[in-house]
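Protein chains in written order, with our numbering: chain A, 228 to 469; chain B, 312 to 527; chain C, 9 to 227.
Here a beta-carbon is modelled for each residue, glycine too, at the ideal position from N, C-alpha and C.
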Amino acid sequence: MALVEIRDVHKKFGRTDVLNGVSLDVEEGEIVTIIGRSGSGKSTLLRCINALETVDAGEIHVEGQRVHARMPDLRQFRQRVGIVFQAFNLFSHLKVERNITLAPLLTGRIGKSEARPLALDVLARVGLADKIDAWPEQLSGGQQQRVAIARCLAMAPHLMLFDEVTSALDPELVGEVLKVMEAMARQGMTMILVTHEMGFARNVADRIVFMHQGRVWEQGPPSKLFVRPETPELASFIASVK
Amino acid sequence: MRSFSFIDFVSLLSALRWTVVLVVLALGFGAPLGLGLATGRISRLAPLRWISAAAIQVIQGVPLLGLLFFFYFGMPVFLGIQVPALVAVTVAYTLYTAAFLGEIWRGGLEAVKQAQWEAGACLGLSRWQQFRHIVGPQALRLSLPPTVGFLVQLVKGTSLASIIGFVELARAGQVVSAATFQPLLTYAVVAAIYFATCLPLTLWSRSLEARLDGSR
Amino acid sequence: MNFLPLWRYRDQLIDGTIVTLELTVIAACFGLLIGTAGAVALKGRVKPTRWLVRSYIELFRNTPSLIQLFIVFFVLPNFGLKLPAFEAAAVALSLYFGAYSVEIIRSGLDSVPRSQIEAGQCLGLSGWQVFFHILLPPALRNAYPAVTSQFVLLLLGTSLASQVAADELFHVAGFIESRTYRSFEVYAIICAVYFAMAMSFKILFAVVGALAFRWPRRR
């Protein structure tokens with residue numbers, strides 16, 4: 228059984244069909260990159276997996292459990308599924324340490340004495356152990372995004388979702404964030420990413436999913452998809468991002 | 312004792328004209344003074360900044376009622392002659408208006424980016440011309456909603472003139488209430504008249520603000 | 009001008025000042041409670057409640073505080089609710105302050121981006137935890153300047169309570185004036201006391217604000 232099973236998912240915003248019958252499986256340990264033009268439904272799909280949006284029709288299962296905004300253990304579920312946003316969304320009124328330890332403490336995952344060691348541990352994994360006592364606003368965009376990743380890691384998630392996490396960054400800061408994500412991929416984390424970084428998609432992803440008009444239009448390993456696209460839509464998309 | 316009649320309603324409504332007179336006087340004298348305070352607050356001369364800031368702090372640190380009594384009893388002390396209540400009241404409301412408008416307009420002036428002054432300077436305009444043609448109009452647009460909002464505060468504030476015996480709407484209400492022994496009806500009517508005067512201003516201020524938000 | 013005869017009345021002045029402070033704090037506390045409840049109601053889904061809160065706000069913001077006070081003090085007794093002067097003033101001022109607080113608190117809550125709330129939810133926090141730990145601190149910071157300046161206006165506004173003979177500072181002024189006939193001197197002193205109180209609160213609020221909200225502002 229796949230870790231994530233998406234079956235014929237539909238989603239409308241007002242009258243616009245954003246997702247139009249999406250089906251997709253993601254295996255444990257797999258790195259799946261979703262690409263496509265803006266408005267193709269990539270981010271919405273990601274948000275549905277985490278129950279930030281409810282689907283109108285179809286089903287999403289994660290670890291065999293049906294995902295739904297009213298699922299009884301939504302909070303426990305969200306602790307197992309980490310999501311990193313384009314805009315970092317760090318809590319600017321909390322220092323880096325507290326940003327990371329707030330949720331583990333409040334949800335009872337860890338005790339008070341374990342908090343700082345945990346923060347140090349996950350910060351070390353993103354290379355920012357020295358920023359543990361900084362305010363988020365004192366960090367660069369790339370550093371803030373790495374703290375956001377560390378904040379997710381502190382929940383020891385089984386699955387990580389990345390929603391265009393480098394799109395808001397200055398070009399010279401993109402690399403440091405991608406490096407952290409590559410390292411996570413090597414350690415076997417299951418990851419679903421929406422990204423415009425084609426180089427990253429090509430080098431790190433196990434599978435590329437091209438979305439178009441709210442559907443999975445074409446998918447396959449990067450070596451195939453980037454070299455021999457089957458549909459004209461994907462071919463023109465690849466040409467446009469080169 | 313008599314009951315509340317149409318005549319009483321008319322007398323209340325006509326007392327509204329004195330409320331309007333107070334507002335017009337307060338704005339007529341207070342607005343120019345407020346503009347002076349606002350420009351003083353952003354002046355390049357430090358003493359001018361201090362004096363304007365202190366004036367605003369003092370006036371805004373004292374109850375309006377206190378200002379009214381201070382000048383009502385103070386004018387004869389300062390001038391050595393008795394003056395009509397209207398003069399004392401006008402002085403108090405003028406200062407009150409000047410302080411609040413000065414603070415509102417300073418906010419407007421500071422909200423206009425420094426680069427706009429510099430752009431004007433680069434075109435060879437004098438500091439006054441920069442203010443008059445570039446920064447002033449933008450600041451006015453930004454501060455129009457709170458300015459109209461202050462107008463509501465001023466209209467309501469004129470009710471305090473009743474306390475030193477000046478017959479405007481609130482005072483007329485007390486007189487009618489005492490004559491008819493119908494405080495409920497009288498004050499309800501008085502409140503309704505204030506409400507009918509203030510609500511349009513409030514709505515105007517809000518629509519100005521919405522338009523400003525929309526254009527940003 | 010002669011301020012000396014007023015020295016005898018210093019105890020009354022101090023008592024009046026204390027009553028003024030009590031009135032201010034009571035009205036501020038109840039006003040903030042009303043404001044919070046109103047803000048929650050405005051954000052809620054029940055239409056009649058929203059409409060009710062909107063009417064309350066417009067009614068109390070577009071009529072003079074003085075008239076509201078008169079209605080509470082002179083009119084409510086007709087309905088069998090006779091309040092002593094201080095209580096009547098506290099009720100009227102709470103309602104007045106509440107009408108302004110609703111908007112302030114609501115815009116404070118609205119100023120926190122939705123994405124912050126989502127981020128909290130995604131970490132598995134409960135609704136209450138998100139509200140308390142994520143939403144409230146930045147909302148408080150954003151509402152703080154407006155709340156504190158409204159508080160100072162309330163402090164000055166309590167002087168109206170003298171008109172229903174509540175024993176606050178301004179009423180004490182009337183009493184001293186009637187004993188000494190030093191009208192100007194009395195009101196000059198009273199103004200100075202109010203000014204001292206207003207400035208003290210402004211400084212206090214600035215210090216408390218600087219201590220409570222230490223995180224750097226969003227760029």
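List, in chain order, every chain C residue whose beta-carbon is nearer than 9 Å to that of residue i.
i, result
"A346/A", "Simply none; closest approach about 14 Å."
"A596/B", "Since the first and last residues shown for chain B are 312 and 527, residue 596/B lies out of range."
"G391/B", "Correct list: empty, because the minimum Cβ distance to chain C is about 12 Å."
"R305/A", "Q129, C130, L131, G132, L133"
"K424/B", "Near K424/B there are no residues of chain C at all, since even the closest Cβ is about 16 Å away, more than 9 Å."
"L333/A", "L131, G132, L133, S134, Q137, H141"
I want to see whether chain B comes within less than 8 Å of residue i, judged by CB atoms only; does it?
i, result
"L117/C", "no"
"E111/C", "no"
"E30/C", "no"
"S186/C", "no"
"R16/C", "no"
"R69/C", "yes"
"N86/C", "yes"
"Q171/C", "yes"
"L60/C", "no"
"E126/C", "no"
"A35/C", "no"
"E95/C", "no"
Less than 8 Å between CB atoms is the rule here; does residue i satisfy it with respect to chain C?
i, result
"S319/A", "yes"
"F389/A", "no"
"P494/B", "yes"
"T513/B", "yes"
"V332/B", "no"
"I419/A", "no"
"A481/B", "yes"
"V463/B", "yes"
"N316/A", "yes"
"L329/A", "yes"
Per DSSP, which one or two residues make a beta bridge with residue i?
i, result
"F94/C", "Note: F94/C sits in no beta bridge, so no partner."
"A238/C", "An answer regarding residue 238/C cannot be provided, because it is not within the stretch 9 to 227 covered by chain C."
"I435/A", "T260/A, G447/A"
"A284/A", "H237/A"
"A369/B", "Residue 369/B is actually Val in this sequence, not Ala. DSSP, once it has assigned bridges, lists no residue as partnering V369/B."
"L420/A", "T260/A, F389/A"
"E324/A", "E324/A is not bridged to any residue."
"G309/A", "M387/A"
"T243/A", "F240/A"
"D252/A", "E232/A"
"V289/A", "V231/A, Q292/A"
"R442/A", "H439/A"
For a contact defined as C-beta to C-beta under 7 Å, what are the partners of residue i on chain C?
i, result
"N277/A", "C130"
"S470/B", "P72, L74, I75"
"I310/A", "C130"
Give the interface partners of residue i over in chain C, defined as CB-CB distance under 8 Å, in chain order.
i, result
"G265/B", "Beyond the ends of chain B as shown, which are 312 and 527, falls residue 265/B; an answer cannot be given."
"M382/A", "L131, G132"
"Y498/B", "I75, F78, I79, F82, V83"
Anything in chain A within Cβ reach of residue i, meaning under 7 Å, just list it in chain order.
i, result
"P145/C", "H320"
Under 8 Å, Cβ to Cβ, is there at least one residue of chain A near residue i?
i, result
"P153/C", "no"
"A220/C", "no"
"E176/C", "no"
"H141/C", "yes"
"Q20/C", "no"
"Q137/C", "yes"
"S63/C", "no"
For residue i, return the contacting residues in chain A, with the cut-off set at a CB-CB distance below 9 Å.
i, result
"P224/C", "S319, W362, P363, E364, Q365"
Using 8 Å as the limit for Cβ to Cβ distance, is residue i near chain D?
i, result
"R302/A", "Included in the structure are the protein chains A, B and C, with no chain D among them."
Under 7 Å between beta-carbons, which chain B residues line up against residue i? List them in chain order, please.
i, result
"Y108/C", "Those within 7 Å of Y108/C in chain B number zero; the least Cβ separation is about 11 Å."
"A206/C", "G372"
Who are the neighbours of residue i on chain B, taking C-beta pairs under 9 Å?
i, result
"Y202/C", "G372, V373, P374, G377"
(message) Does the stretch 94-113 of chain C come into contact with the stretch 51-67 of chain C, if we say contact requires no fewer than three beta-carbon pairs (one atom in each stretch) closer than 8 Å?
(response) yes
(request) Could you tell me which uninterrupted beta strand (DSSP E) segments, each at least 3 residues in length, are contained entirely in the stretch 336-411 of chain A, listed from first to last along the chain? (result) 386-390
(request) Evaluate the contact criterion for the stretch 506-518 of chain B versus the stretch 156-176 of chain C: three or more CB pairs, one atom per stretch, below 8 Å. (result) no
(message) Check whether the stretch 95-108 of chain C and the stretch 66-85 of chain C are in contact - that is, three or more C-beta pairs closer than 8 Å.
(response) yes
(request) Say whether the stretch 276-295 of chain A touches the stretch 319-328 of chain B, bearing in mind that this needs 3 or more beta-carbon pairs closer than 8 Å, one atom from each stretch. (result) no
(request) Tell me, please, whether the stretch 371-381 of chain A touches the stretch 340-351 of chain A by the rule of three or more beta-carbon pairs shorter than 8 Å. (result) yes
(message) Check whether the stretch 185-197 of chain C and the stretch 375-389 of chain B are in contact - that is, three or more C-beta pairs closer than 8 Å.
(response) yes
(message) As an exercise, report each continuous alpha helix (DSSP H) stretch of at least 4 residues that is fully enclosed by the stretch 54-114 of chain C, in chain order.
(response) 55-69, 73-78
(request) Tell me, please, whether the stretch 194-213 of chain C touches the stretch 157-165 of chain C by the rule of three or more beta-carbon pairs shorter than 8 Å. (result) yes
(message) Using 8 Å as the cut-off, can you tell me whether the stretch 388-402 of chain B makes contact with the stretch 435-442 of chain B, which would need three or more C-beta pairs spanning the two stretches below that distance?
(response) no
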